[in-house]
Amino acid sequence: VFRGSVYSFATLLYAIFVIIFLLVEEISFSDAPENSNKFKSISIFALYMYLVGIGFMLYISIFVIHPSWFNRLLCWLSENHIIAPASPNSAEVSSLYLRLGIVFFGSMGVVLFGLLLFLLFDGAIDDINVPASIGEAILGLIFTFFQMYFMNANYRVLSVKYSIEEHCIFQLSIASSHNICRFGFMHNFAVNVWTWLRFTSAKYQESAIHVCRR
26 VFRGSVYSFA
36 TLLYAIFVII
46 FLLVEEISFS
56 DAPENSNKFK
66 SISIFALYMY
76 LVGIGFMLYI
86 SIFVIHPSWF
96 NRLLCWLSEN
106 HIIAPASPNS
116 AEVSSLYLRL
126 GIVFFGSMGV
136 VLFGLLLFLL
146 FDGAIDDINV
156 PASIGEAILG
166 LIFTFFQMYF
176 MNANYRVLSV
186 KYSIEEHCIF
196 QLSIASSHNI
206 CRFGFMHNFA
216 VNVWTWLRFT
226 SAKYQESAIH
236 VCRR
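Be aware that the sequence shown starts at 26, since it is given in the working numbering, and climbs by one per residue.
So this is what it looks like as structure tokens:
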């Protein structure tokens, strides 16, 4: 219990550090209003944020919520090793209105990333590295859509239970899923705050351009 609490606190500190770092980066690299029409090129950190977030949701979907295909492999190797999937029959974690809000804001995020892709392909945004910015926008679109689907499809999943035998060669990866879940959810929280800050910054820069033109 103590180790779990320490790890939960560590993931909270990680999310706070990431959010502060991204906020400082966004402010430090903000262009002046007269140059704010230039879209900033992708950074390695942006790739890290999106790829880790997508990878976490894939891991939870494949190995925790729907591990049937992996269980077939385990049964073929040994009948004593199996992953018990998370129970989908638990009480609802979120209300209908919250899920509708997730769909609404998720759909708006997908539309915004789609418009950004259209502007990049159309050449309406001046960027020194268009392919990299296109890749970032595609990853953002995939992350937003996958998260929207993930949160609505699994709103009844509450607990994760595992049944493994001693000396199981997959024990390390299965037993560490609790910590992976703690880290992954805090990471995705940081990604969402970062995405919101970026859209807010872009909107502010657009408003600054209109004010300067007046």
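Every residue gets a Cβ at the ideal spot worked out from N, C-alpha and C, and that includes glycine.
Comparing C-alpha distances from GLY78 to each of TYR122, THR225 and THR220 shows the shortest one belongs to THR220. Only buried fits TYR75, as 16 or more other CB atoms lie within 10 angstroms of its CB. Excluding five sequence positions before and after PHE138, the CB atoms of its chain that fall closer than 7 angstroms to its own CB belong to ALA162, GLY165, LEU166 and THR169, given in chain order.
Three or more beta-carbon pairs separated by less than 8 angstroms are not found between the stretch 119-137 and the stretch 76-96, which leaves the two stretches without contact.
Membership of ALA71 in the alpha helix (DSSP H) is indicated by the continuous run 69-84. Here the alpha carbons of LEU141 and GLN172 stand approximately 19 angstroms from one another. A check of alpha carbon separations from LEU47 across THR36, ALA71 and SER158 identifies ALA71 as the nearest. Each of SER158, ALA35, ILE150 and GLY134 was checked against the Cα of ASN217, and the nearest Cα belongs to GLY134. Contact annotation: MET211 and LEU37 have beta-carbon atoms nearer than 8 angstroms.
Beta-carbon to beta-carbon, ARG223 and GLU51 are separated by about 7 angstroms, close enough to satisfy the 8 angstroms threshold. Pairing ILE90 with ASN179 gives a Cβ-Cβ distance under 8 angstroms.
PHE138: member of the alpha helix (DSSP H) spanning 121-147, first to last residue. Taking VAL155 as the centre and dropping the five residues before and after it, the same chain places the C-beta of LEU145 closer than 7 angstroms to its C-beta, in chain order. Boundaries of the alpha helix (DSSP H) harbouring ASN177: 155-178, taken from the DSSP string.
Secondary structure of HIS212 (DSSP, three-state): helix. With contacts defined as CB atoms closer than 8 angstroms, ALA35 and PHE214 fail to qualify as a contacting pair. The beta carbon of SER132 is closer than 8 angstroms to those of MET173 in its chain, skipping five residues each way along the sequence.
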